[in-house]
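The structure appears below as structure tokens.
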Amino acid sequence: MTAEEIYSQLYERMLAEQEKYREWLLTQSSEEVLNHCYEYAMREDILMVFESSEIDEKHARVLLEKGVTLADIYDDFIDLETDHMQDIRDTIGDRADKIIREAEKGGR
């Protein structure tokens with residue numbers, strides 16, 4: 303199987319899984335959908351990586367052969383410690399600093 307075929311099959315399988323998940327979400331209450339919105343968004347981001355073939359061919363091959371699912375990858379991702387909250391704090395601080403700099407320029 304060529305690299306292109308591997309990437310294509312893996313992406314198509316993950317896409318089908320995500321479409322099934324989306325269909326399930328659409329049958330849920332608004333509150334339940336809100337409970338899953340982060341998961342849905344992260345699964346979409348993971349899917350984008352597969353769509354753009356941004357992973358090593360060897361990795362793609364083993365994921366395809368072993369039947370690894372989008373849910374499996376999301377579960378691994380969610381278990382990671384990330385700097386998400388620190389990134390938000392930094393962004394808030396950067397925005398405030400930008401406003402302060404602009405105010406100082408205007409005050410001169």
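Just so you know, we're using this note's numbering here: the sequence shown kicks off at 303 and counts up by one. Every residue gets a Cβ at the ideal spot worked out from N, C-alpha and C, and that includes glycine.
For residue i versus residue j, is the C-beta spacing smaller than 8 Å?
i      : j      : result
ALA305 : GLU359 : yes
Just reading off the alpha helix (DSSP H) that residue i is part of, what are its end residues?
i      : result
THR393 : 386-408
Going along the chain, which residues of its own chain have a beta-carbon closer than 6 Å to the beta-carbon of residue i, five neighbours each way excluded?
i      : result
VAL335 : LEU327
Report all residues from its chain with a CB closer than 8 Å to the CB of residue i; omit the five preceding and five following residues, and keep chain order.
i      : result
MET316 : ILE348, LEU349, PHE352, THR371 and LEU372
GLU319 : THR371, LEU372 and ALA373
Skipping 5 residues on each side, what residues in its chain have a beta carbon closer than 7 Å to that of residue i?
i      : result
MET344 : TYR376 and PHE379
Rounded to whole angstroms, how far is the Cβ of residue i from the Cβ of residue j, which I believe are closer than 8 Å?
i      : j      : result
GLN311 : LEU366 : 6 Å
TYR309 : ALA362 : 6 Å
Alpha helix (DSSP H) segments (min. 4 residues) lying fully within the segment 309-382:
332-337, 339-353, 359-367 and 372-380
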